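A.B. asks: Shown below is the structure under consideration.
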Amino acid sequence: MKSYEELLEEALKKIPKKVDIDTRRFKMPTVSVVYRGSKTVIRNLKEILDVLRRKERHFIKYMLREVGIAGQVIGNELILNGIVRKETLQRKLEQYVKEFVLCDVCGSADTILEKEGKVTFLRCEACGAKRIVREI
Ligand SMILES: [Zn+2]
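When we follow our numbering, the leftmost residue of the sequence shown carries the number 5, and every step to the right adds one.
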C-alpha cells in the first residue's frame with residue numbers, strides 16, 4: 005500500500021502548473037515630467053500606454069479627472085493646463101494601474117478591459133479572474 009506522502013506526491017503531479025507570472029512581471033512606468041510656463045507636460049505618454057496596454061482615451065480621462073484640470077494630447081505628450089507635481093502624477097498613474105490594469109488574484113498585468121452592457125470588467129488573461137471596474 006502507498007504511503008500518504010506518495011499519494012500526496014502523485015496528486016500534486018496531477019495539478020497543472022500555474023502560469024508563471026514572474027517571467028512577465030509588471031514594471032511600473034515612471035512619468036517623465038517637464039514644466040513649460042504654467043503647463044505641466046507628461047512626455048512619455050505613449051510609452052506608458054504601451055506598458056499599460058490601455059486606450060489613450062480611458063487613461064487621459066482618468067488622469068484629467070483626478071488632477072482636476074484640463075489638458076490635451078499632442079503627439080507623445082499629455083499637456084496639462086496647470087502645474088501638477090510629478091509625485092502627484094506618479095501616484096495617480098499607480099492608482100490607475102492598481103484599479104484598471106493589475107489582476108487582484110495573481111498580480112498579472114496581462115489583463116484586458118471588457119465592456120458587457122453598461123458594466124466594464126477587468127479580465128485576467130493569466131489566471132482567468134474577472135472583476136468589475138468603475139466607469140470613468
Ligand atoms: Zn490573474
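Idealized CB from N, CA, C, for every residue including glycine.
If you're wondering where the values come from, they're calculated on a predicted model, not measured in any experiment.
What three-state label does DSSP hand T92 in the structure shown?
C.D. replies: Indexing the sequence shown from 1 puts residue 92 at position 88. In this structure, T92 counts as helix in the three-state DSSP scheme.
A.B. asks: Smallest Cα separation from S112: which of L56, R40 and Y39?
C.D. replies: Your numbering for residue 112 matches position 108 in the sequence shown. Considering only alpha carbons, the answer is L56.
A.B. asks: Considering only heavy atoms of ligand 1, list every residue whose Cβ is less than 6 Å from one of them, following chain order.
C.D. replies: Selection output, chain order preserved: C107, V109, C110, S112, C128, A130, C131 and A133.
A.B. asks: Identify whether L84 lies in helix, strand or coil by the three-state DSSP scheme.
C.D. replies: For this step, residue 84 is matched to residue 80 along the sequence shown. L84: strand per DSSP, three-state reduction.
A.B. asks: Which runs of the alpha helix (DSSP H) fall wholly inside the stretch 33–70 and span at least 4 residues, in chain order?
C.D. replies: If we require 4 residues or more, the alpha helix (DSSP H) runs fully inside the stretch 33–70 come out as 49–56.
A.B. asks: If you count every other CB in all the chains shown that lies within 10 Å of the CB of G171, and 16 or more means buried, which is it?
C.D. replies: Outside the displayed range of the chain (5 to 140) lies residue 171, so it cannot be described from this structure.
A.B. asks: Any idea if M67 is buried or exposed, counting beta-carbon neighbours within 10 angstroms, 16 or more meaning buried?
C.D. replies: In the sequence shown, the residue the question calls residue 67 occupies position 63. Buried.
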